[in-house]
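Under full-length UniProt numbering, the first residue of the sequence shown carries the number 1, and numbering increases by one thereafter.
Read the structure below first, then the notes.
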Amino acid sequence: MDGDLEKATALLQDIQAKCQDSTNHVNDLCKRAVAWEFNTSKGISFLEVKYQMLLSYLVNLTYLMLRKAGGQSIHGDETVLRLVEIRTVLEKMRPIDQKLKYQVDKVVRLAATGGAASDDPMRFKANPDSLESKLASDSEEGSDSEDDDDQSSKLYKPPKLAAVHYDGDETVLEKKQKQVESQRKRALSSAILQDLKEQYHDGPTEIREAKDMHRLKATKMMMEKERYEEDNFMRLPMSKKERQNQKQLAGMSSLNSVTYFGSFNPLDLEEGGGEGFSNKRRKMDKSKGKSKKGGKKKGFKKKRRH
1 MDGDLEKATA LLQDIQAKCQ DSTNHVNDLC KRAVAWEFNT SKGISFLEVK
51 YQMLLSYLVN LTYLMLRKAG GQSIHGDETV LRLVEIRTVL EKMRPIDQKL
101 KYQVDKVVRL AATGGAASDD PMRFKANPDS LESKLASDSE EGSDSEDDDD
151 QSSKLYKPPK LAAVHYDGDE TVLEKKQKQV ESQRKRALSS AILQDLKEQY
201 HDGPTEIREA KDMHRLKATK MMMEKERYEE DNFMRLPMSK KERQNQKQLA
251 GMSSLNSVTY FGSFNPLDLE EGGGEGFSNK RRKMDKSKGK SKKGGKKKGF
301 KKKRRH
C-alpha cells in the first residue's frame, strides 16, 4: 500500500510539471497566432480540419476528466456522444492522411531547409509534356479530333468501384495471423477432411451424391436457382460462366464413371457369374457371324455410263 501511494504521488508531481510546460507552450502559440505569425491561408485544408477535430476532442476529453475528478456523474452527458463522433471521423480520415503523407513531408522539408537539392528524390515529378509526341502528323491530328468527337457523343459511364477493407493500420503480425487463419479455414473445408469427419463422426451418416466441395457448392446454387424459378414462375438465363462450370462438372462425373470398374461377379464361377458372362460372349459372336454371312447390304446399284 505504501509503495502504491509513493508511485501515485510521483505520477501526480510528474503530471503537474508537464501540465505547466504544456500551458506555457500553448500560451506562446496563442500569442503568435493572435499576432498573425502563422499564415494558414495557403496551407492544406485537410490538415486544418484535422487539427480542429483534435482540438475539439481534447477539449471534450478535458471536460469529462474535470467532471470525474470532481466526483460528478457523466451518465447521459452529451460530451460522450461528441467524443464518439469525433473519434469516428478521425478514424475515417486515416486513409486520406496516409495518401497525403508524401505531399506533407515534401512541404515540411521545403519549409525546414528553405529549398530542395538537385538530387532530392522528393523533388522529382511527372512531366506531362514528355508523355505526348510533338512530331505527330496532320493526319493523326485529324483522326484524333474525329475520335474526340465520337467519345464526346457517347454517354458517360462512371467506373464501378468496389468497397475494400482498409488494412493500412494492421501490423505485420496481424496480417500474418489473418493469412494463417485463412489457410486453416481452407484446409478444414477440404474434401479429405470432410471424408475423415464423416468417417469418425458419431452422428448419422449423410447420404448424398456429391462429396467434393465444388460439386456441393454447384448443387446448392442449382437448388437455389430452381427454388427461385418455381416461386416466381420464370426462367433465369444461364450465363457463360455457369455453362462452363456445368461442363466441368459433367466432365468430372464422366471421369468418375470411367474409374468405376463395377463388381467382380462375372468372374465368380460358383455363383453362375461366369456362365452369364460366357452366354453374353456367345451372343456377341453369333451377332458378328450373322453380319459376316449377310454379305452385301441392300442398296442402289451404280449405272455405268457409256
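No residue lacks a Cβ here, since even glycine has one placed at the ideal position from N, Cα and C.
Starting from the Cα of residue i, find the closest Cα among the options and give me that residue.
i	options	result
Arg94	Leu188, Lys175, Tyr166	Tyr166
Val80	Leu64, Val104, Gly70, Val89	Leu64
Ser239	Arg227, His75, Met222	Met222
Arg82	Gly114, Leu66, Asn60, Ala10	Asn60
Measure the alpha-carbon distance for residue i versus residue j and round it to whole angstroms.
i	j	result
Arg184	Gln177	10 Å
Thr171	Glu181	15 Å
residue 312	Arg215	With the chain covering 1 to 306 only, the question about residue 312 has no answer from this structure.
Gly262	Asp231	Because the pLDDT of Gly262 is 42, which lies under 50, any placement of that residue in the model is unreliable, and the number read from its coordinates should be weighed accordingly. Rounded to the nearest angstrom, the two C-alpha atoms are 41 Å apart.
Leu12	Ala69	13 Å
Thr62	Ser22	14 Å
Val84	Val49	17 Å
Gln52	Ala112	24 Å
Arg32	Cys19	20 Å
Leu54	Pro158	35 Å
Glu224	Ala218	10 Å
Lys106	Ser73	47 Å
Leu188	Glu198	13 Å
Ser257	Gln244	Because Ser257 sits at a pLDDT of 46, beneath the cut-off of 50, its placement in the model cannot be relied upon, and the point is left open.
Glu229	Gln248	24 Å
Thr88	Thr40	26 Å
Phe38	Gln179	48 Å
Pro204	Leu155	60 Å
Leu90	Leu58	13 Å
Asp2	Ala8	10 Å
Leu196	His75	55 Å
Cys30	Arg186	58 Å
Glu226	Lys160	30 Å
Thr259	Glu174	Reliability of the predicted coordinates at Thr259 is poor, the pLDDT of 46 falling under 50, and the value obtained from them is presented with this limitation in mind. So the two alpha carbons sit approximately 45 Å from each other.
Gly71	Asp4	22 Å
Tyr102	Ile96	11 Å
Val34	Arg67	30 Å
What is the DSSP secondary structure of residue i, reduced to helix, strand or coil?
i	result
Glu230	helix
Arg184	helix
Ala69	helix
Gly3	helix
Leu64	helix
residue 314	Residue 314 lies beyond the range of the chain shown here (1 to 306); nothing can be said about it.
Asn39	coil
Leu155	coil
Tyr166	coil
Pro204	coil
Lys160	coil
Met53	helix
Met222	helix
Thr9	helix
Leu100	coil
His75	coil
Thr171	coil
Ile86	helix
Return the Cβ separation of residue i and residue j in integer angstroms, given the expectation that the two are a contact with Cβ distance under 8 Å.
i	j	result
Ser56	Ile86	6 Å
Val104	Ile44	7 Å
Gln98	Gly168	6 Å
Phe46	Leu110	The Cβ separation is near 18 Å, so there is no contact.
Answer yes or no: does any C-beta atom of chain C fall closer than 8 Å to that of residue i?
i	result
Asp2	Given the protein chain composition of this structure (a single chain), no chain C is represented.
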